[in-house]
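Using the working numbering, the first residue of the sequence shown is number 501, and each one after it goes up by one.
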Amino acid sequence: MTGEVLTVRGATRRYGGRMAVEDADLTLTPGRITALLGPSGCGKSTLLRQIAGLEPVDAGSIHLGDRLLSEPGRQVAPQDRGIGLLFQDYALFPHLSVLDNVTFGLRHLPRERRRKRALAELDRVHLADRAAAWPHQLSGGEQQRVALARALAREPGVILLDEPFSGLDRHLRGEVRDHLLTVLRTQGAAVLVVTHDAEDALMMADDLALMDGGRILQTGTPEACYRAPVSAVAAELLGEIQVLEATVVDGVAETAFGPVQAHGVPEGLASVLVRSDQLTPAAEGVEARVTGVRFLGAEHQVSVARGAARARFRATGSPPTVGEVITVRLTVGREAVLAAKR
Ligand code: ADP
501 MTGEVLTVRG ATRRYGGRMA VEDADLTLTP GRITALLGPS GCGKSTLLRQ IAGLEPVDAG
561 SIHLGDRLLS EPGRQVAPQD RGIGLLFQDY ALFPHLSVLD NVTFGLRHLP RERRRKRALA
621 ELDRVHLADR AAAWPHQLSG GEQQRVALAR ALAREPGVIL LDEPFSGLDR HLRGEVRDHL
681 LTVLRTQGAA VLVVTHDAED ALMMADDLAL MDGGRILQTG TPEACYRAPV SAVAAELLGE
741 IQVLEATVVD GVAETAFGPV QAHGVPEGLA SVLVRSDQLT PAAEGVEARV TGVRFLGAEH
801 QVSVARGAAR ARFRATGSPP TVGEVITVRL TVGREAVLAA KR
């Protein structure tokens with residue numbers, strides 16, 4: 501394992517006239533898992549493939565430590581990068597046993613060492629007893645673990661996973677994800693997980709990179725991206741938000757649902773980005789009329805109005821009734837206030 505930082509600077513990829521990836525910066529750190537989150541078609545796989553060396557960069561560069569991996573017109577071959585790949589369809593060879601699938605990438609080792617290494621990797625993913633099985637005899641989750649063992653067997657310093665849970669049933673995902681996390685954490689590699697699923701990203705990531713329209717919108721810890729989004733589009737990637745109109749005066753953003761601290765935000769029009777847990781019934785606050793209540797299972801979604809302004813929140817316990825006037829309070833901080841673009 502190299503233990504080196506992978507650095508993407510200004511990576512760009514055009515297909516015809518269209519930008520699939522535009523001026524993307526990304527840093528992958530050994531021992532940390534970075535989730536690249538964005539909607540389908542936003543350029544995630546293209547960027548992952550550029551890092552893997554399967555796709556060129558039209559502009560920008562990719563380095564592993566000091567070593568140049570990609571620049572326009574030049575790129576190190578995928579197998580010479582020290583990067584492990586796990587694709588969404590696992591891409592196991594159907595005509596090779598589980599063991600041979602894992603030894604496949606180890607042809608540089610003598611036969612017996614190869615076998616030992618592969619068995620050790622299979623043991624790590626709890627599949628040593630299925631070494632002689634064929635891929636089609638395994639469940640989706642097991643196939644993924646074989647693909648993981650194969651990717652890890654070469655001890656790559658960087659591991660790239662493209663939508664690793666997309667082929668799995670919902671009820672299997674949690675278990676597979678936890679297992680994958682445990683194995684990846686013991687490896688100490690720099691890991692990039694590409695996903696369109698906010699929950700998967702939040703569950704796995706030490707660092708997040710939010711992508712839309714070919715661009716990286718924001719990078720940071722999951723908490724920072726969630727609580728202090730750089731834009732409504734970035735905020736929306738991590739879950740439902742509501743945008744309240746506000747006017748900033750003297751460091752306070754006044755919204756229809758109460759004031760929000762806005763120290764340092766330029767005076768004038770602004771938006772306040774509110775998550776559904778950031779408007780709550782409270783003893784003190786502003787009065788709002790309940791306009792709707794929807795049953796969501798463990799909680800209710802309550803819609804409220806104040807004049808022409810509308811908002812929603814999630815209520816646990818017994819919900820208010822439609823028509824009732826309740827007191828609500830905004831619990832967002834300064835970081836949720838975005839000045840209007842001038
Ligand atoms: P994501 O992984 O986020 O779903 P992709 O990186 O697969 O997005 O695709 C980004 C954009 O680039 C999409 O508009 C897609 O249609 C386009 N694209 C991807 N690969 C190719 C290709 N080989 N040729 C032409 N267009 C492509």
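Beta carbons: idealized from backbone N, C-alpha and C, even for Gly.
Check	Outcome
For R514, the three-state DSSP class (helix, strand or coil)	strand
Every unbroken alpha helix (DSSP H) inside the stretch 539-606 [4 residues or more]	544-552 and 598-603
Beta-carbon spacing of G553, D523 below 9 angstroms	no
Neighbourhood of D712 by C-beta, 8 angstroms cutoff - its chain only, sequence neighbours within 5 removed	G538, P539, C542, V733, A734 and L737
Within 9 angstroms, strictly: CB atoms of R509 and V521	no
Three-state secondary structure assigned by DSSP to L668	coil
Contact test: H671 Cβ vs ligand 1 heavy atom, cutoff 8 angstroms	no
Pair within 9 angstroms by beta-carbon distance, R812 and L796	no
Span of the beta strand (DSSP E), counted from its first residue to its last, around G720	R715 to G720
V802 versus G823: straight-line alpha-carbon distance, rounded	11 angstroms
T791 - partner residues in DSSP beta bridges	Answer is none; T791 lacks a bridge partner.
Y515: CB within 8 angstroms of a non-hydrogen atom of ligand 1	yes
Whole-angstrom distance between V602 and P610, CA atom to CA atom	14 angstroms
Same chain, Cβ closer than 7 angstroms to R518, neighbours up to 5 away in sequence not counted	none
Euclidean distance between Cα positions of A762 and G751	5 angstroms
Close beta carbons around L684, own chain, < 8 angstroms, minus the five adjacent residues each side	I533, I659 and V691
Straight-line Cα distance separating L606 from L569	22 angstroms
Straight-line Cα distance separating R775 from Q742	7 angstroms
For A520, three-class secondary structure by DSSP	strand
Where the beta strand (DSSP E) through A535 begins and ends	I533 to L537
Rounded C-alpha distance that separates L648 from L586	6 angstroms
Length-filtered (3 minimum) beta strand (DSSP E) runs lying within the stretch 774-829	779-795, 800-806 and 809-815
Beta-ladder partner(s) of G751, from DSSP	According to DSSP, G751 bridges with nothing at all.
Residues near R672 in its chain [Cβ-Cβ closer than 6 angstroms; skip 5 each side]	Before going further, note that residue 672 is Leu rather than Arg in the sequence given. Closer than 6 angstroms at Cβ, skipping near neighbours: G641.
Alpha-carbon to alpha-carbon, P656 and M501	Residue placement at M501 is flagged as unreliable, the pLDDT there being 48, under the threshold of 50; the coordinate-derived value follows with that caveat. Those two C-alpha atoms are separated by around 6 angstroms.
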